[in-house]
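A.B. asks: Numbering-wise, the working numbering puts 60 at position 75 of the sequence shown, and it's gapless, one number per residue.
From the three backbone atoms N, C-alpha and C, an ideal C-beta is built for every residue, glycine too.
Below: one structure in structure tokens.
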Amino acid sequence: MNVHLQGKKVVLRDIRPEDVPEIYYWKYEAEDREHLNWNGPYKPLDPLTKEEYVSLPRYAESLALVGTDAARTELIIEIDGQLKGSVGRYWISEETNWCEIGIVIYDSRYWSNGYGREAFQMWIDYLFTHMDTVRLGIGTWSGNERMMRLAAYCGMIEEARVRKARIVRGEYYDAIKMGMLREEWEARQA
């Protein structure tokens, strides 16, 4: 089954092979690369050619899930029919079924007006519906106020703060963990 989630402003959909070169464009070639200052790993990207980037294992793994019933690790954010970002997840602990989630909107013109909010809410709902997990969370840094506001808006609470534990562009920031439990999400949806 293919994933295609229609919201009021955004679509979340499966990644396609033709999306990977476009993601490369946003990361390495686009004039608007402000998203790299907020999305991990908060350091310069390793230089990769387009051919090297397209062949990264993470994309092969994401593409292999398309058409299956498995919960996706990444979906594309489409706005007005164009790729504008992605949402993703990665394991903190498979034993406890605990994963962290994230979002990146490449085109900074779409950082306002609720695009990210709608995409992130749809992603949380998708994961709680398609995964047997009791908790979803984010990891960020105290200077990323936009991400902390988005997570709080979606119902996540601050669970941990380690002072001066993250270095971002040469400055120290607090490491922040925020999360929500399945029952908290379900109560918000009722």
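Tell me which same chain residues have a C-beta within less than 6 Å of the C-beta of Asn82, skipping the five on either side of it?
C.D. replies: Thr118
A.B. asks: Looking at the strands, I want to know which residues DSSP matches up with Gly124.
C.D. replies: Lys162
A.B. asks: Distance check for Thr53 and Trp126, CA to CA, integer angstroms please.
C.D. replies: 35 Å
A.B. asks: My parser needs the alpha helix (DSSP H) runs of 4 or more residues fully inside the region 34 to 103; what are they?
C.D. replies: 35 to 39, 42 to 50
A.B. asks: State yes or no: is the C-beta of Val(-5) within less than 9 Å of the C-beta of Glu85?
C.D. replies: no
A.B. asks: Compare the beta carbon distance of Gly124 and Met165 with 9 Å and say whether it is the shorter of the two.
C.D. replies: no
A.B. asks: If we ignore side chains and look at the alpha-carbon of each, how far apart do Leu121 and Leu135 end up?
C.D. replies: Here the C-alpha atom of Leu121 lies approximately 14 Å from the C-alpha atom of Leu135.
A.B. asks: Is the separation between the beta-carbon of Lys69 and that of Tyr100 shorter than 9 Å?
C.D. replies: yes
A.B. asks: Please report the distance separating the alpha-carbon of Tyr10 from that of Arg102.
C.D. replies: 24 Å
A.B. asks: Under the rule that 16 or more other beta-carbon atoms within 10 Å means buried, what is Glu3, buried or exposed?
C.D. replies: exposed
A.B. asks: Over what stretch of residues does the beta strand (DSSP E) that includes Arg(-2) continue unbroken?
C.D. replies: -4 to -2
A.B. asks: Measure from the alpha carbon of Val(-12) to the alpha carbon of each residue in Ala175, Asp92, Arg57, then state which is nearest.
C.D. replies: Arg57
A.B. asks: Thinking just about the alpha-carbon of each residue, which of Arg(-2), Glu14, His20, Glu144 is nearest to the one in Trp96?
C.D. replies: His20
A.B. asks: Counting C-beta neighbours from all protein chains within 10 Å, is the total for Val5 16 or more, i.e. buried, or is it exposed?
C.D. replies: buried
A.B. asks: What is the rounded straight-line gap between the Cα of Met(-14) and the Cα of Asp(-1)?
C.D. replies: A straight line joining the alpha-carbon of Met(-14) with that of Asp(-1) spans about 10 Å.
A.B. asks: In this structure, how does DSSP classify Val119 when only helix, strand and coil are distinguished?
C.D. replies: coil
A.B. asks: Determine the contact status of Asp92 and Gln174, defining contact as a CB-CB distance below 9 Å.
C.D. replies: no
A.B. asks: Cutting at 6 Å between CB atoms, please list the residues of its own chain near Ala160, excluding the five before and the five after it.
C.D. replies: Val147, Ala150, Arg151
A.B. asks: If you count every other CB in all the chains shown that lies within 10 Å of the CB of Gly155, and 16 or more means buried, which is it?
C.D. replies: exposed
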